Structures are given as structure tokens and as C-alpha cells.
Amino acid sequence: MILTIPSTKKREVIDLTNVLAEQFRGKSGHFYLFVQHTTAAITAADLDPGTDLDLLDALQGMLPQLQWRHPHDPAHTPDHLLASIIGPGLVVAVKDGAMQLGTWQRIVLLEFNGPQQRAIDVSLIGGAPEQQFEL
Amino acid sequence: MILTIPSTKKREVIDLTNVLAEQFRGKSGHFYLFVQHTTAAITAADLDPGTDLDLLDALQGMLPQLQWRHPHDPAHTPDHLLASIIGPGLVVAVKDGAMQLGTWQRIVLLEFNGPQQRAIDVSLIGGAPEQQFEL
Amino acid sequence: MILTIPSTKKREVIDLTNVLAEQFRGKSGHFYLFVQHTTAAITAADLDPGTDLDLLDALQGMLPQLQWRHPHDPAHTPDHLLASIIGPGLVVAVKDGAMQLGTWQRIVLLEFNGPQQRAIDVSLIGGAPEQQFEL
Numbered sequence: 037m038i039l040t041i042p043s044t045k046k047r048e049v050i051d052l053t054n055v056l057a058e059q060f061r062g063k064s065g066h067f068y069l070f071v072q073h074t075t076a077a078i079t080a081a082d083l084d085p086g087t088d089l090d091l092l093d094a095l096q097g098m099l100p101q102l103q104w105r106h107p108h109d110p111a112h113t114p115d116h117l118l119a120s121i122i123g124p125g126l127v128v129a130v131k132d133g134a135m136q137l138g139t140w141q142r143i144v145l146l147e148f149n150g151p152q153q154r155a156i157d158v159s160l161i162g163g164a165p166e167q168q169f170e171l
Numbered sequence: 037m038i039l040t041i042p043s044t045k046k047r048e049v050i051d052l053t054n055v056l057a058e059q060f061r062g063k064s065g066h067f068y069l070f071v072q073h074t075t076a077a078i079t080a081a082d083l084d085p086g087t088d089l090d091l092l093d094a095l096q097g098m099l100p101q102l103q104w105r106h107p108h109d110p111a112h113t114p115d116h117l118l119a120s121i122i123g124p125g126l127v128v129a130v131k132d133g134a135m136q137l138g139t140w141q142r143i144v145l146l147e148f149n150g151p152q153q154r155a156i157d158v159s160l161i162g163g164a165p166e167q168q169f170e171l
Numbered sequence: 037m038i039l040t041i042p043s044t045k046k047r048e049v050i051d052l053t054n055v056l057a058e059q060f061r062g063k064s065g066h067f068y069l070f071v072q073h074t075t076a077a078i079t080a081a082d083l084d085p086g087t088d089l090d091l092l093d094a095l096q097g098m099l100p101q102l103q104w105r106h107p108h109d110p111a112h113t114p115d116h117l118l119a120s121i122i123g124p125g126l127v128v129a130v131k132d133g134a135m136q137l138g139t140w141q142r143i144v145l146l147e148f149n150g151p152q153q154r155a156i157d158v159s160l161i162g163g164a165p166e167q168q169f170e171l
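Quick note, the sequences are listed as chains A, B and C, same order.
With our numbering, the residue at position 91 of the first sequence is 127, and numbering never jumps.
With our numbering, the residue at position 16 of the second sequence is 52, and numbering never jumps.
With our numbering, the residue at position 75 of the third sequence is 111, and numbering never jumps.
1. Just the C-alpha distance for residue 114 of chain A and residue 168 of chain A, rounded to the nearest angstrom, thanks.
2. Give a yes or no on whether the C-beta atoms belonging to residue 40 of chain C and residue 136 of chain C are separated by under 8 Å.
3. Starting from residue 65 of chain C, trace the beta strand (DSSP E) both ways and give me its first and last residue.
4. Below 8 Å on C-beta distance, what does residue 79 of chain C contact in chain B?
5. Leaving out the 5 sequence neighbours to the left and right, which residues in its chain are closer than 8 Å to residue 55 of chain B when beta-carbon positions are compared?
6. The alpha helix (DSSP H) spanning residue 125 of chain A covers which residue range?
7. Is it the case that the region 75-84 of chain A contacts the region 119-129 of chain A, given that we only count it when at least three CB pairs across the two stretches are under 8 Å?
8. As a quick exercise: from B:160, B:117, B:98 and B:62, pick the residue whose alpha carbon is nearest that of residue 87 of chain C.
9. Below 8 Å on the Cβ atoms is my contact criterion, and I expect residue 47 of chain B with residue 170 of chain B to pass it. Report the Cβ-Cβ distance as a whole number of Å.
10. According to DSSP, is residue 137 of chain B helix, strand or coil?
11. Roughly how far, in whole angstroms, is the beta-carbon of residue 100 of chain A from the beta-carbon of residue 134 of chain B, given that I think they are within contact range, below 8 Å?
12. Residue range of the beta strand (DSSP E) that residue 84 of chain B falls in?
13. Applying the 10 Å Cβ sphere with the 16-neighbour rule, what's the burial state of residue 72 of chain C?
14. Does DSSP put residue 43 of chain A in a helix, in a strand, or in coil?
15. Mind listing which residues of the region 128-153 of chain A have their C-beta closer than 7 Å to chain B's C-betas, in chain order?
16. The alpha helix (DSSP H) that contains residue 170 of chain C, what's its start and end?
17. Does residue 157 of chain B come out as helix, strand or coil in the three-state DSSP assignment?
18. What are the residues that DSSP puts in a beta bridge with residue 1 of chain A?
Below, the structure is given as C-alpha cells:
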């Protein structure tokens with residue numbers, strides 16, 4: 037299924053953990069998460085107050101300041117590059133509805149070019165075809 | 037199966053999307069992509085003209101200039117480090133032969149030490165053993 | 037199953053390849069590796085002498101020096117950020133007990149805040165439930 041997540045800012049860390057937990061209620065297996073956009077990414081993170089902005093600032097500061105070739109909008113290039121560096125997806129294990137995460141681990145969407153509606157493919161890996169793509 | 041991809045330059049972003057789409061024709065499931073080398077990586081990317089070189093330049097510029105300990109060839113160290121930072125693989129969902137990507141998303145091989153022949157394991161996750169490793 | 041890996045230093049690259057190979061003896065399929073902590077990560081790496089320290093130094097040097105907001109312990113913020121940038125896990129293909137890696141590829145745990153005992157979920161993707169979570 038496609039989970040649609042709205043973002044509200046240009047750059048934002050959105051905690052997906054609770055909305056995913058609702059999808060996984062009562063289910064077990066390994067689930068695929070993949071954001072279908074080139075200016076967003078998915079990873080795991082600690083989310084103490086302020087660590088979301090720390091992560092966004094670190095990612096911007098980590099990239100060198102270059103003359104980007106990207107013709108569409110050069111200022112927009114780092115958004116694409118960070119999406120590729122972090123990566124579009126994760127696999128997460130779920131056992132009786134519980135994601136098998138560490139105590140402080142959250143699954144997050146990194147938005148680099150919002151606000152937008154972001155489509156995330158959430159599907160069961162290795163089940164029968166109709167189980168895989170319909171949760 | 038092992039997909040062999042030739043690279044032609046020292047550093048290069050190689051679009052794998054079309055060659056993968058041929059492999060996946062008529063198939064459904066979640067496919068594993070894993071490059072079996074320590075100076076190459078796989079991720080998703082936007083590929084407007086010039087964004088491939090933007091990505092390669094950003095990755096080089098992002099690493100600090102240090103005295104590398106790597107005894108084999110210190111100048112070659114960043115190629116290994118970038119491979120570890122980006123990561124060797126992805127999982128990608130395929131439905132009736134169509135990779136479930138965003139409009140502008142491409143699956144790419146990042147070559148950091150070409151030209152070489154690069155081996156990529158492409159296999160179906162969770163099928164019967166003979167389905168998994170032979171597409 | 038949960039694999040418990042002790043780390044012995046603040047920052048360390050721990051080679052998991054041999055301990056994983058023992059777990060996978062005689063097995064085939066795609067295995068999920070996921071470290072259940074917010075200051076550790078899993079990736080693939082070349083491990084020539086010194087490249088472990090090269091990787092740790094490069095990761096520290098790659099992050100900008102900022103005033104972190106993280107209230108718990110600001111000096112500890114980069115440990116969380118690097119864990120999110122590298123990512124918590126990998127999927128790895130195993131065929132008749134052999135991980136399908138390149139000649140020089142090792143699977144590594146990156147410890148950013150040791151010494152600690154680190155829990156890694158190692159499970160078979162797509163098997164029957166009892167196969168998945170008990171190796």
C-alpha cells in the first residue's frame with residue numbers, strides 16, 4: 037500500500053513510527069519502506085528535542101558549497117544529493133505487530149523539499165503477491 | 037543472478053534502471069540489489085543532466101582531507117569510504133514487471149574506482165531457493 | 037534471533053563477517069541485519085589495516101562543527117547523526133551458508149558510543165514465521 041505523508045516545511049524530520057505501527061497491528065514479517073521521491077529519504081533516528089534540527093543542519097553543512105550543474109534549479113541540487121546519500125528506504129522487522137526497534141529508535145522520513153505530499157511504499161516482503169502489496 | 041556492469045571512468049554514476057527493468061519483465065516481488073565490491077555503491081537518484089557529476093563532486097568534497105592509513109594505496113581510501121557511507125545495496129519492489137519508483141527516481145551504481153566490470157547480485161527475496169537466485 | 041556484540045571502545049569498526057557466517061552455516065535466503073540502537077550502524081566495508089580508523093576519522097571530519105541542540109548531551113549528538121546517515125541495517129544474500137559478498141567485502145558494525153553490548157536482529161526474510169525469527 038501507498039502511505040501518503042504530508043510535510044509542512046522546506047526541510048523536516050517526520051516521525052513515521054506511530055503511523056507505521058498502526059499499519060502493522062497484528063502482523064508479522066519483514067516490511068519494505070521506500071519513499072517514491074528524489075528529494076526525501078528514510079532512515080532510523082534518535083528523536084530527542086532538537087535532534088531533528090541537528091540532523092537537518094548537519095546534512096546541509098556536510099555538503100561542500102559548489103557550483104551545481106543541475107539545470108532545473110541549482111539551489112535545489114543538495115535536496116537531491118542528500119536523498120541519494122541517505123537512501124530511499126529501509127526494511128523493518130515486525131513481530132506480532134511490534135516493530136523490532138531499539139528503545140530510542142524511530143523510523144523517520146527526511147523531507148528536503150517540502151511542503152509536499154510524500155508517497156511511501158509499505159509492503160510485506162516475501163508473502164503471496166496479494167499480501168505483499170495490500171497490507 | 038549476477039548482473040555484470042562495465043564502468044568506463046574512474047568515477048561515474050551508471051543508471052541501472054533500464055537494464056533492471058529488462059530483468060524484471062513480467063515478475064513481481066521484492067528484489068535484492070547488492071554490488072559485490074568495496075569501491076562501488078548502489079542508491080536511488082535524480083538524473084537530470086549534470087546531477088551525476090554534482091553527486092560525484094559532492095561526495096568527494098564532503099570527505100575531510102586526512103592522512104589515510106590504508107597501506108595498499110592511500111589515495112584510493114576515499115573510494116572505499118564512500119562505498120561504505122552510501123552502502124552496497126537496495127531492496128526494490130516490482131509489480132507486474134514495473135519497479136515501484138517515483139517519477140524521477142532512477143536506480144544507480146556509483147563507481148568510485150573504474151573502469152571495471154562490476155558484479156551486482158540481483159535476486160528475488162523470499163521465493164523458493166531456485167526462484168531466488170535465478171531470475 | 038538477537039546477536040549480542042560487545043564493543044570495547046568509544047568508536048570502533050567491528051567485523052561481523054565471521055560471527056554471521058557461523059549463524060548462516062547450511063542456510064540459504066536473504067537475511068535481515070538491523071542494529072537496535074541509535075548510536076551504531078551497519079554497512080559493508082573494506083578492512084585493510086587502518087581503513088577502520090580511516091573510516092571513523094572521515095565520518096567525524098565530515099560533519100560540520102555546530103552548536104547542537106540535543107539536550108541530553110550535546111557532545112554526543114554526532115554519534116546519533118552518523119548512525120542515521122549510515123543507517124541501521126542491511127539485507128545480505130546467503131547461498132548454502134555462504135554470504136554472497138565480494139572478495140574484500142566485510143559486514144561491519146560501526147560503534148559510535150561504546151563500550152556497550154549491541155543487539156543486532158538477524159532474521160530470515162520471507163520464510164515461515166518460526167523460521168524468520170529463530171535461526
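Every residue, glycine too, gets a C-beta built ideally from N, C-alpha and C.
Model, not experiment: these values are computed from the prediction.
So, from the listed chains and residues:
1. 33 Å
2. no
3. 65-71
4. 120, 121, 123 and 124
5. 39 and 41
6. From DSSP, residue 125 of chain A is part of no alpha helix (DSSP H) but of the beta strand (DSSP E) over 125-131.
7. yes
8. B:117
9. The pair is not a contact, with the Cβ atoms about 33 Å apart (cut-off 8 Å).
10. coil
11. 36 Å between Cβ atoms; not a contact.
12. Neither: residue 84 of chain B is in no beta strand (DSSP E) and is coded neither H nor E.
13. buried
14. coil
15. none
16. Note, residue 170 of chain C: premise wrong, no alpha helix (DSSP H); not H, not E.
17. strand
18. In this structure chain A extends from 37 to 171, so residue 1 of chain A is not present and cannot be described.
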